[in-house]
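Before any comments, here is the structure.
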Amino acid sequence: MKALMKLSENFNLNFAGLDPSVYESGKFRSTHNSISKRSSTHLRKALYQAASAGIRKTNEVPNNPILYNYYSKKVNEGKAKKVAIIAAAHKLLRIIYGVWKNDESFRIN
């Protein structure tokens with residue numbers, strides 16, 4: 030368990046396959062980047078589904094206001110909806126990591 034506590038947040042993002050992939054060769058830099066998908070497909074799908082459920086509204090109230098506000102901010106910045114959901118999944122993973130590392134329960138407010 031102590032070894033798990035030493036894991037960095039970036040390692041968790043890489044482990045989930047939510048880190049951005051970079052396409053570069055010489056002076057060429059791609060403008061179309063995506064997530065790396067190098068790791069656990071099950072974890073990535075679970076985070077995507079959890080983020081999708083978190084941003085969904087029930088009776089005009091978002092299921093998770095933190096994720097919904099972050100998702101709305103990304104959409105208002107001009108991001109595509111699926112890109113914004115991946116960003117929300119990334120945010121969710123950071124929240125999960127913070128809750129786990131600090132040994133606290135999750136509080137929305």
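Residue numbers (our numbering): 30 to 138.
No residue lacks a Cβ here, since even glycine has one placed at the ideal position from N, Cα and C.
Problem set entry | Which listed residue (Glu133, Tyr97 and Leu121) has its alpha carbon closest to that of Lys110 | Here residue 110 is taken as the residue at index 81 of the sequence shown, counted from 1. Minimum Cα distance to Lys110 is reached at Tyr97.
For this session: Use the C-beta contact count for Lys103: other C-beta atoms within 10 angstroms, 16 or more gives buried, fewer gives exposed.
Result: Position 74 of the sequence shown, counted from the start, is the residue given in the question as residue 103. By the neighbour-count rule (16 or more Cβ atoms within 10 Å), Lys103 is buried.
Exercise. Which ranges would you report for the beta strand (DSSP E) in the region 55–131 if only whole runs of at least 3 residues count?
Worked result: none
For this session: For Ile137, collect the residues of the same chain with a Cβ closer than 8 Å to its Cβ; drop the 5 residues on either side in sequence, then sort them by chain order.
Result: Residue mapping note: residue 137 aligns to position 108 of the sequence shown, counting from 1. Asn93, Pro94 and Ile95, listed in sequence order.
For this session: Name the residue from Glu133, Ser134 and Ile114 whose alpha carbon lies nearest to the alpha carbon of Arg73.
Result: Sequence index remark: in the sequence shown, residue 73 carries index 44 (1-based). For Arg73, the nearest C-alpha among the options comes from Ile114.
For this session: State the Cα-Cα distance for the pair Tyr99 and Ala117, rounded to the nearest angstrom.
Result: For the purposes of this step, residue 99 is identified with residue 70 of the sequence shown, where counting begins at 1. For the purposes of this step, residue 117 is identified with residue 88 of the sequence shown, where counting begins at 1. Cα-Cα distance, rounded: 7 Å.
For this session: Look at the Cβ atom of Leu121, then the Cβ atom of Ala80, and state whether they are nearer than 8 Å.
Result: Here residue 121 is taken as the residue at index 92 of the sequence shown, counted from 1. Here residue 80 is taken as the residue at index 51 of the sequence shown, counted from 1. For Leu121 and Ala80, yes; Cβs fall inside 8 Å.
Problem set entry | Buried versus exposed call for His119 [16 or more other C-beta atoms within 10 Å across all chains shown] | Residue mapping note: residue 119 aligns to position 90 of the sequence shown, counting from 1. So His119 ends up on the buried side.
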